[in-house]
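Presented below is the structure to which this report refers.
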């Protein structure tokens, strides 16, 4: 990451108006845990090109990580005004779910799935909400679909195992928990 960060620093030094360089450097800073640096770069990117939808998603992720759920939702809203992509709805759904707006989150997960029927993480998000609302069968269907789409998605197996365990299917739950360990030994 450090080499790429140095490259973006040089790029910005050579062309301070290149908005994508600020966005990309912000993504790297976020990955390194420098949320304030990432936020500054995303803000600069927006200043240079307020029509670049990806930066609103990225800034929303940083705001979410900093606990600013309303700010994150506002950024996802702004991005959605610019384009209609599943990731923005998914991320907004996550923020709404964390705010206990399960109906808003469900609507966003449904829209994400409608826009991208192969978006396995959206099925898991929706499955989590269904499980919380007591719809175990609906949750299982969503977790099964996520696993069908991405058989290496440890989180989907884990969450399916939780539902199976709650339903008394201990053999199914154990098989899923073992699959999680096989896929990602550090998951737990």
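In the numbering used here, the protein residues as written are 60 to 247.
No residue lacks a Cβ here, since even glycine has one placed at the ideal position from N, Cα and C.
All values reported here derive from a predicted model rather than from experimental measurement.
Rounded straight-line distance, which links the Cα of residue j to that of residue i
{"i": "residue 154", "j": "residue 230", "result": "33 angstroms"}
{"i": "residue 121", "j": "residue 94", "result": "6 angstroms"}
{"i": "residue 84", "j": "residue 68", "result": "8 angstroms"}
{"i": "residue 64", "j": "residue 196", "result": "46 angstroms"}
{"i": "residue 203", "j": "residue 143", "result": "26 angstroms"}
{"i": "residue 219", "j": "residue 191", "result": "13 angstroms"}
{"i": "residue 145", "j": "residue 241", "result": "29 angstroms"}
{"i": "residue 90", "j": "residue 152", "result": "22 angstroms"}
{"i": "residue 74", "j": "residue 101", "result": "16 angstroms"}
Proximity below 9 angstroms, CB of residue i to CB of residue j
{"i": "residue 205", "j": "residue 182", "result": "yes"}
{"i": "residue 158", "j": "residue 132", "result": "yes"}
{"i": "residue 188", "j": "residue 156", "result": "yes"}
{"i": "residue 213", "j": "residue 238", "result": "yes"}
{"i": "residue 97", "j": "residue 88", "result": "yes"}
{"i": "residue 111", "j": "residue 148", "result": "no"}
{"i": "residue 114", "j": "residue 162", "result": "no"}
Classification of residue i by the beta-carbon crowding that lies within 10 angstroms, buried from 16 upward
{"i": "residue 207", "result": "exposed"}
{"i": "residue 179", "result": "buried"}
{"i": "residue 246", "result": "exposed"}
{"i": "residue 103", "result": "buried"}
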